[in-house]
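Residue numbers (my numbering): 793 to 1284.
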């Protein structure tokens, strides 16, 4: 529904990438062409799922908006995902069509053709005759994002246009976005952080979203030094890398970066726990106390430290506008004591529609109409402080949330691995890194396992640590004891 207000910003710059820039009017026209290519004379895709794979930039937004304009459900694929993960997503969402950037055609085309799907390159789509699709009502399904969750395979999180609007509007209000903002975008665009918090908020308000892909720490610092950005949002891993790059610069360059940061109005960190050491070092460099917030694919952002006022390290603030939050104990009873840890539950117009084609999982995710996040928190002087997850099978690494069970399922297909258990272990750079404890037939080195795993898993899911043992720790019932595995992996 972004393009419904495009007339207000028609001649303003919406996107930039390198030396190229595009106005809102150009994006709107491109979306019409993509819609025409998808509809091919029909009047409505009727919520057909359209997967698309494009790097950050004009083509990505043209595909996203074009799918919506045609009445389809947009399903962005990850640039780092190998064919096996793309194949899974296409089958799970029951895709009707695929739009792909020419640079990724060879990766996607065989999969689409084998399934008889409509296959368009973005270049082809942009040459089509523009077409106006159906009316965009809030209750229409709009997007599917895949999240690992607690099951062995990713689930498709379905949001409607109304959900997306609610998620964006809450952030626009809380963080005071305006058309005069200019943000540097360095995040993946198959993840809610990059889609909603950065791209969505910018395009909703008539601001300019400047793309930088792939991420380059020195290029980011150079742009900070230019002094014309107003916002920046990233995951803790990126801030760690920016700190490392900053420390390698001479004093003159460091001063320019710090001065440029000082002209920005807001810097945000999320998608993983922010180490206090990183927050403090970044504050020394930039003068900014990073704003920490909390959210997930199913609910968008739910909690945020204040835009104005004190931001407390290790805390994620209070509920965003129109978002309801409560905490419950293990029995599901409401907690009155702020100091007692409880699971966060969320309710509001931001909460997703369903897990695609998984009615039982959808039902299980809710408790009396409240979404069960699985995250445990206490309330400290009015601010929420996260303690962790109920499940040890969720690993937050580099801003991504991945399923240990999914990784285990893949590792078990390795010819030398008889048994395995995957956990997340604390890591200064990644927040948590993926660690695999295995029982193997013969020696197996980490480098060998990583090379093999990169063919089947996104690179951020491939183990960074490996421990070979004679047997996995199990209880009397034969169940692997993940806490014991974590202890083994964390031992010196």
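Backbone N, C-alpha and C define an ideal beta-carbon position, used for all residues, glycine too.
Small disclaimer: the values here were computed from a predicted structure and weren't measured.
Original post:
First and last residue of the alpha helix (DSSP H) that includes residue 967?
Top reply: What you label residue 967 is simply residue 175 of the chain shown in a count that begins at 1. Taken as a continuous stretch (DSSP letters only), the alpha helix (DSSP H) holding residue 967 covers 953-967.
Original post:
With DSSP run on the structure shown, which of helix, strand or coil describes residue 910?
Top reply: Here residue 910 refers to the residue found at position 118 of the chain shown. Correct three-state label for residue 910: strand.
Original post:
Run through DSSP, which three-state label would residue 1116 get?
Top reply: As a working note, residue 1116 is residue 324 in the chain shown. DSSP places residue 1116 in strand when its eight states are reduced to three.
Original post:
Along the chain, where does the alpha helix (DSSP H) that runs through residue 865 open and close?
Top reply: Position 73 of the chain shown, counting from 1, holds the residue named residue 865. Counting along the chain, residue 865 falls outside any alpha helix (DSSP H), though it belongs to the beta strand (DSSP E) covering 865-868.
Subject >> Residue span of the beta strand (DSSP E) that contains residue 1055, given as start and end >> reply: The residue given as residue 1055 occupies position 263 in the chain shown. It is not in any beta strand (DSSP E) - residue 1055 carries neither H nor E in the DSSP assignment.
Original post:
What's the C-alpha gap between residue 1253 and residue 872?
Top reply: By 1-based counting over the chain shown, the position of residue 1253 is 461. By 1-based counting over the chain shown, the position of residue 872 is 80. Cα to Cα, the separation comes out at about 11 Å.
**OP:** Counting only the same chain and skipping the five closest in sequence on each side, list residues whose C-beta sits under 7 Å from that of residue 801.
**Re:** Here residue 801 refers to the residue found at position 9 when the chain shown is read from its first residue. Result list for residue 801: 816, 971 and 998, in chain order.
**OP:** Taking residue 1257 as part of the beta strand (DSSP E), name the residues at either end of that continuous run.
**Re:** Within the chain shown, numbered from 1, the residue matching residue 1257 stands at position 465. Segment 1257-1260, the beta strand (DSSP E) holding residue 1257.
Subject >> Strand pairing of residue 805, partner residues [DSSP] >> reply: For the purposes of this step, residue 805 is taken as residue 13 along the chain shown, with counting starting at 1. Answer is 815, bridged to residue 805.
Original post:
Which whole runs of the alpha helix (DSSP H) in the segment 1008-1095 are 4 residues long or more, in chain order?
Top reply: 1009-1018, 1028-1039, 1043-1054 and 1068-1078
Subject >> Distance between residue 1036 and residue 1105 (C-alpha atoms, nearest Å) >> reply: Translated into the one-based positions of the chain shown, residue 1105 becomes position 313. Translated into the one-based positions of the chain shown, residue 1036 becomes position 244. Whole-angstrom Cα-Cα distance: 21 Å.
**OP:** Within its chain, find whatever has a CB closer than 6 Å to the CB of residue 1147; leave out the 5 residues flanking it on each side and keep chain order.
**Re:** Start at 1 with the first residue of the chain shown, and residue 1147 comes out as number 355. So the qualifying residues of the chain are 947, 1153 and 1154.
**OP:** Write down every uninterrupted run of the beta strand (DSSP E) in the segment 1136-1175 whose length is 3 residues or greater and which is fully enclosed by it, in chain order.
**Re:** 1162-1172
Subject >> Local conformation of residue 877 per DSSP, three classes >> reply: In the chain shown, residue 877 corresponds to position 85, counting from 1. If DSSP states are grouped into helix, strand and coil, residue 877 belongs with the helices.
Subject >> Sequence-distant residues of its chain with Cβ nearer than 6 Å to residue 1022 (five each side left out) >> reply: Taking the first residue of the chain shown as position 1, residue 1022 is located at position 230. The residues are 973, 974, 1056 and 1057.
Original post:
Does the separation of the CB atoms of residue 1039 and residue 1061 fall below 7 Å?
Top reply: Start at 1 with the first residue of the chain shown, and residue 1039 comes out as number 247. Start at 1 with the first residue of the chain shown, and residue 1061 comes out as number 269. No, these two residues do not count as a Cβ contact at 7 Å.
Subject >> Proximal residues to residue 1278 (C-beta, below 6 Å), its chain only, five neighbours per side dropped >> reply: Along the chain shown, read from residue 1 onward, the residue named residue 1278 stands at position 486. Counting only Cβ-Cβ distances below 6 Å, and skipping sequence neighbours, we find 1215.
Original post:
Anyone know if the C-beta pair for residue 1112 and residue 876 falls short of 7 Å?
Top reply: As a first step, residue 1112 must be located in the chain shown, where it is residue number 320. As a first step, residue 876 must be located in the chain shown, where it is residue number 84. Not in contact: residue 1112 and residue 876 (Cβ atoms no closer than 7 Å).
Subject >> Beta-ladder partner(s) of residue 975, from DSSP >> reply: Locating residue 975 in the chain shown gives position 183, where the first residue counts as 1. Residue 975 is bridged to 1001 and 1023.
Subject >> Alpha-carbon spacing of residue 864 relative to residue 935, whole angstroms >> reply: Residue 864 sits at position 72 when you count from the first residue of the chain shown. Residue 935 sits at position 143 when you count from the first residue of the chain shown. Cα to Cα, residue 864 sits roughly 9 Å from residue 935.
Original post:
How is residue 841 classed by DSSP in three states: helix, strand or coil?
Top reply: Residue 841 sits at position 49 when you count from the first residue of the chain shown. Residue state, collapsed to three classes: strand.
**OP:** Give the DSSP-derived three-state secondary structure of residue 884 in the structure shown.
**Re:** On the chain shown, residue 884 is found 92 positions in, with the first residue counted as 1. Note: residue 884 maps to helix in three-state DSSP.
Original post:
If you scan the segment 1192-1251 from start to end, which runs of the beta strand (DSSP E) of 3 or more residues do you find wholly inside it?
Top reply: 1192-1195, 1209-1219 and 1223-1232
Subject >> Cβ-Cβ separation, residue 1213 to residue 1264 (assumed contact under 8 Å), whole Å >> reply: Reading the chain shown from its first residue, position 472 is the one you call residue 1264. Reading the chain shown from its first residue, position 421 is the one you call residue 1213. Going by Cβ atoms, the distance from residue 1264 to residue 1213 rounds to 5 Å, so yes, they are a contact pair.
Original post:
Are the segment 1120-1130 and the segment 1082-1099 touching, with three or more C-beta to C-beta distances below 8 Å?
Top reply: no
Original post:
Between the segment 994-1013 and the segment 825-835, do at least 3 Cβ pairs fall closer than 8 Å?
Top reply: no
Subject >> Spatial neighbours of residue 1103 in its chain, beta-carbon cut-off 8 Å, leaving aside the 5 residues before and after >> reply: For the purposes of this step, residue 1103 is taken as the residue at position 311 of the chain shown. Closer than 8 Å at the Cβ level, and outside the excluded window around residue 1103, lie 1081, 1082, 1083, 1084, 1097 and 1109.
Original post:
With a cut-off of 8 Å, do at least 3 Cβ pairs link the segment 804-812 to the segment 901-910?
Top reply: no
Subject >> Selection from 1025, 1124, 892 and 1028 that minimises the alpha carbon distance to residue 1156 >> reply: Looking up residue 1156 in the chain shown gives position 364. Comparing Cα-Cα distances from residue 1156 to each of 1025, 1124, 892 and 1028, the minimum goes to 1124.
**OP:** Throw me the rounded Cβ distance for the residue 1210 and residue 1231 pair, which I believe falls under 8 Å.
**Re:** Stepping through the chain shown from its first residue, residue 1210 is reached at position 418. Stepping through the chain shown from its first residue, residue 1231 is reached at position 439. Confirmed, about 5 Å.
Subject >> One or two residues paired with residue 1189 in a DSSP bridge >> reply: Position 397 of the chain shown, counted from the start, is the residue given in the question as residue 1189. Paired residue(s): 1192 and 1223.
Subject >> Coil, strand or helix - residue 947 by DSSP >> reply: Position 155 of the chain shown holds residue 947. The answer is strand: DSSP assigns residue 947 an E or B state.
Subject >> Cβ separation of residue 976 and residue 1012, assumed to be a contact under 8 Å, to the nearest whole Å >> reply: Translated into the one-based positions of the chain shown, residue 976 becomes position 184. Translated into the one-based positions of the chain shown, residue 1012 becomes position 220. That pair is a contact at about 7 Å.
Subject >> Exposed unless 16 or more other CB atoms sit within 10 angstroms - verdict on residue 1303 >> reply: Coverage of the chain is limited to positions 793 through 1284, which leaves residue 1303 absent and any answer about it impossible.
Subject >> DSSP beta-bridge partners of residue 935 >> reply: Within the chain shown, numbered from 1, the residue matching residue 935 stands at position 143. The partner list for residue 935 (beta bridge, DSSP) reads 866 and 951.
Original post:
Per DSSP, which one or two residues make a beta bridge with residue 991?
Top reply: By 1-based counting over the chain shown, the position of residue 991 is 199. Note: residue 991 sits in no beta bridge, so no partner.
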